[in-house]
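Report on the structure given below.
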Amino acid sequence: MTTTNGEKSKTIIHIETVTAPTNIACIKYWGKASKEYNTPINSSVSVTLDQSDLCAVTTASASHQFTQDRLWLNGTEEVDAHQSKRFRACIDGVRRLASDRIDADTGDVVVSKDEWQNMKFHVSSYNTFPTAAGLASSAAGYAALVAALAKLVCAKESFPGELTTIARQGSGSACRSLMGGFVAWRMGGEKEDWSDSLAEQVADETHWPEIRALILVVSDAKKDTSSTSGMSNSVATSELLKHRAKEVVSKRMDIIEKAWLEKDFETFGKITMMDSNQFHATCLDTSPPIFYMNDISKSVIRIVHVYNEWAGEIRAAYTFDAGPNAVLYTLQKFSVEVGALMLKFYPGNSDDYMPNSEFEKEVKAFELDEELVKSVEKTGRIPASGDVKKIYYTKSGPGPQSLGADRAIIDVNTGLNTYKKD
Numbered sequence: 002m003t004t005t006n007g008e009k010s011k012t013i014i015h016i017e018t019v020t021a022p023t024n025i026a027c028i029k030y031w032g033k034a035s036k037e038y039n040t041p042i043n044s045s046v047s048v049t050l051d052q053s054d055l056c057a058v059t060t061a062s063a064s065h066q067f068t069q070d071r072l073w074l075n076g077t078e079e080v081d082a083h084q085s086k087r088f089r090a091c092i093d094g095v096r097r098l099a100s101d102r103i104d105a106d107t108g109d110v111v112v113s114k115d116e117w118q119n120m121k122f123h124v125s126s127y128n129t130f131p132t133a134a135g136l137a138s139s140a141a142g143y144a145a146l147v148a149a150l151a152k153l154v155c156a157k158e159s160f161p162g163e164l165t166t167i168a169r170q171g172s173g174s175a176c177r178s179l180m181g182g183f184v185a186w187r188m189g190g191e192k193e194d195w196s197d198s199l200a201e202q203v204a205d206e207t208h209w210p211e212i213r214a215l216i217l218v219v220s221d222a223k224k225d226t227s228s229t230s231g232m233s234n235s236v237a238t239s240e241l242l243k244h245r246a247k248e249v250v251s252k253r254m255d256i257i258e259k260a261w262l263e264k265d266f267e268t269f270g271k272i273t274m275m276d277s278n279q280f281h282a283t284c285l286d287t288s289p290p291i292f293y294m295n296d297i298s299k300s301v302i303r304i305v306h307v308y309n310e311w312a313g314e315i316r317a318a319y320t321f322d323a324g325p326n327a328v329l330y331t332l333q334k335f336s337v338e339v340g341a342l343m344l345k346f347y348p349g350n351s352d353d354y355m356p357n358s359e360f361e362k363e364v365k366a367f368e369l370d371e372e373l374v375k376s377v378e379k380t381g382r383i384p385a386s387g388d389v390k391k392i393y394y395t396k397s398g399p400g401p402q403s404l405g406a407d408r409a410i411i412d413v414n415t416g417l418n419t420y421k422k423d
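Just so you know, this note's numbering puts the end of the sequence shown at 423, numbered straight through with nothing missing.
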């Protein structure tokens with residue numbers, strides 16, 4: 002029996018694979034203005050991190066032979082994912098922007114714009130770092146989902162940033178992970194459909210190449226209060242959150258964006274720490290109160306302030322998202338000193354404690370100032386291995402990146418997940 006080209010096209014599985022970065026906010030997003038559109042009560046801004054250690058890897062595939070949309074996360078299928086509001090928003094949102102898929106070699110139309118509407122999608126995704134532990138894994142995941150789908154269906158935006166408006170319907174901060182460098186999420190609200198609630202790149206990753214980040218993984222366990230639940234309670238009960246959104250954030254956005262563009266670390270660091278502290282203050286002001294940071298987190302804060310006081314300037318700036326893990330922004334010229342200070346008081350107990358071996362070597366060889374060590378000891382911190390699980394060293398990086406067919410985690414013949422968690 003001869004198979005026609007039309008019949009053959011029905012069995013083809015079309016695949017694209019991308020990576021997407023995490024981002025760590027300097028001005029925090031906390032609280033939804035519209036639950037339907039997943040929009041914020043205030044604007045926010047973040048640093049997109051390099052994907053060497055921290056990223057989501059996602060393969061999106063489509064075929065006429067698929068019977069329903071399916072999703073695998075970290076190797077496990079999400080039951081009834083096709084009914085998930087967030088997943089559906091991304092699938093349907095990107096599909097609306099679909100165009101013809103063209104064979105790069107022949108110029109032939111492989112899939113027409115209209116054909117995408119009749120296909121189902123299989124998606125597999127995994128994170129290279131702990132999921133749901135306060136390291137913006139959902140931001141990376143949904144950004145990767147939208148980026149992979151967009152590449153697959155050759156999506157064409159009708160206005161700049163349209164794909165970011167789709168990503169934020171999956172996870173709010175995911176909109177910022179679709180761009181590299183320093184990225185703002187403008188809250189919007191002037192348009193009825195909230196299409197003006199989108200991400201905007203303030204500067205790309207090459208603008209301030211000296212910026213570095215140390216990430217102290219205090220806990221890789223799933224947090225007991227999800228961001229969605231926490232936000233809802235804060236909006237309902239925290240007077241401080243209302244004041245913050247109305248009176249504080251817009252001024253800080255102006256100051257910190259100017260600081261980034263002028264490479265003014267003193268101001269950038271000051272605002273970053275102030276906003277982290279205020280975010281967690283709103284969590285405490287919530288009823289019942291939410292505790293994302295723990296005693297180890299608080300000890301890191303004390304040490305950073307002692308360090309900056311000893312230095313006579315802000316050399317390191319902490320920020321904590323909805324979890325206990327510390328992100329310390331610094332400049333390249335101070336990064337080894339900051340790393341040595343953290344390793345001194347938070348020693349590791351595993352071979353991969355600092356995944357960047359070159360940085361680890363420099364850190365271990367660095368001699369800390371005795372007066373600095375004495376000053377930190379006065380905070381009461383006693384070095385103990387195990388309090389911090391891992392220390393990542395990274396920098397600002399680009400948005401989503403495409404991978405070759407050999408990196409796909411959907412089988413091109415069966416359309417099923419191939420990723421297995423170690």
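Each residue gets a CB set at the ideal place from its N, CA and C atoms; glycine is no exception.
- In the structure shown, the three-state DSSP call for C155 is coil.
- Within the segment 297-339, the beta strand (DSSP E) runs of at least 3 residues that lie entirely inside it are, in chain order, 317-320 and 327-332.
- Collapsing the DSSP output to three states places H244 in a helix.
- In this structure, I103 is the residue among V124, T107 and I103 with its C-alpha nearest to the C-alpha of K114.
- A63 is bridged by DSSP to H15 and F122.
- Within the same chain, and ignoring the five residues on either side of W73 in sequence, the residues whose Cβ sits closer than 6 Å to its Cβ are S125 and N418.
- With contacts defined as CB atoms closer than 8 Å, K157 and S235 fail to qualify as a contacting pair.
- Under the three-state reduction of DSSP, F367 is assigned to coil, being neither helix nor strand.
- DSSP places E211 in no beta strand (DSSP E); its state is neither H nor E.
- Around G349, the same chain offers M355, S386, V389, K391 and I392 as residues with beta carbons nearer than 8 Å, after the five sequence neighbours per side are excluded.
- In this structure, L332 places its C-beta atom within 8 Å of the C-beta atom of F266.
- Taking all protein chains in view, the Cβ of R408 is surrounded by fewer than 16 other Cβ atoms within 10 Å, so the residue is classified as exposed.
- A buried status is given to G182, since no fewer than 16 other beta-carbon atoms sit within 10 Å of its beta-carbon.
- D70 sits buried, since 16 or more C-beta atoms from the chains shown fall within 10 Å of its C-beta.
- It is roughly 45 Å from the alpha-carbon of T229 to the alpha-carbon of G108.
- Counting C-beta atoms within 10 angstroms of its own C-beta, Q202 has 16 or more neighbours from the protein chains shown and is therefore classed as buried.
- Going by C-alpha positions, A144 is about 6 Å away from A21.
- Rounded to whole angstroms, the Cβ separation of T166 and S198 is 7 Å, and the two are in contact under 8 Å.
- About 7 Å separates the beta carbon of V249 from that of Q279, a gap short enough to meet the 8 Å contact definition.
- Nearest neighbour of A246 by Cα position, chosen from I28, N43 and P210, turns out to be N43.
- Boundaries of the alpha helix (DSSP H) around N234: S228 to T238.
- With respect to the 8 Å criterion, G340 and F360 are classified as neighbours on the basis of their beta carbons.
- The beta carbon of E240 sits closer than 8 Å to those of D286, all from its chain and outside the five residues before and after it, given in chain order.
- In this structure, G324 lies away from I14, with their beta-carbon atoms at least 8 Å apart.
- Secondary structure of K375 (DSSP, three-state): helix.
- If you draw a straight line from the Cα of M180 to the Cα of P401, it is about 7 Å long.
- Listed as beta-bridge partners of A185 by DSSP are V46 and E201.
- Approximately 6 Å separates the beta-carbon atoms of I25 and V48; this is inside 8 Å, confirming the contact.
- Under the DSSP definition of a beta bridge, S397 partners with L50.
- Within the same chain, W209 come within 7 Å of K264 by CB-CB distance, once the 5 residues on both sides are set aside.
- Per the C-alpha coordinates, the member of Y293, S62 and A222 positioned closest to L146 is S62.
- Between Y347 and L215, the CB-CB gap reaches or exceeds 8 Å.
- R253 sits close to D276, with the two beta carbons spaced by under 8 Å.
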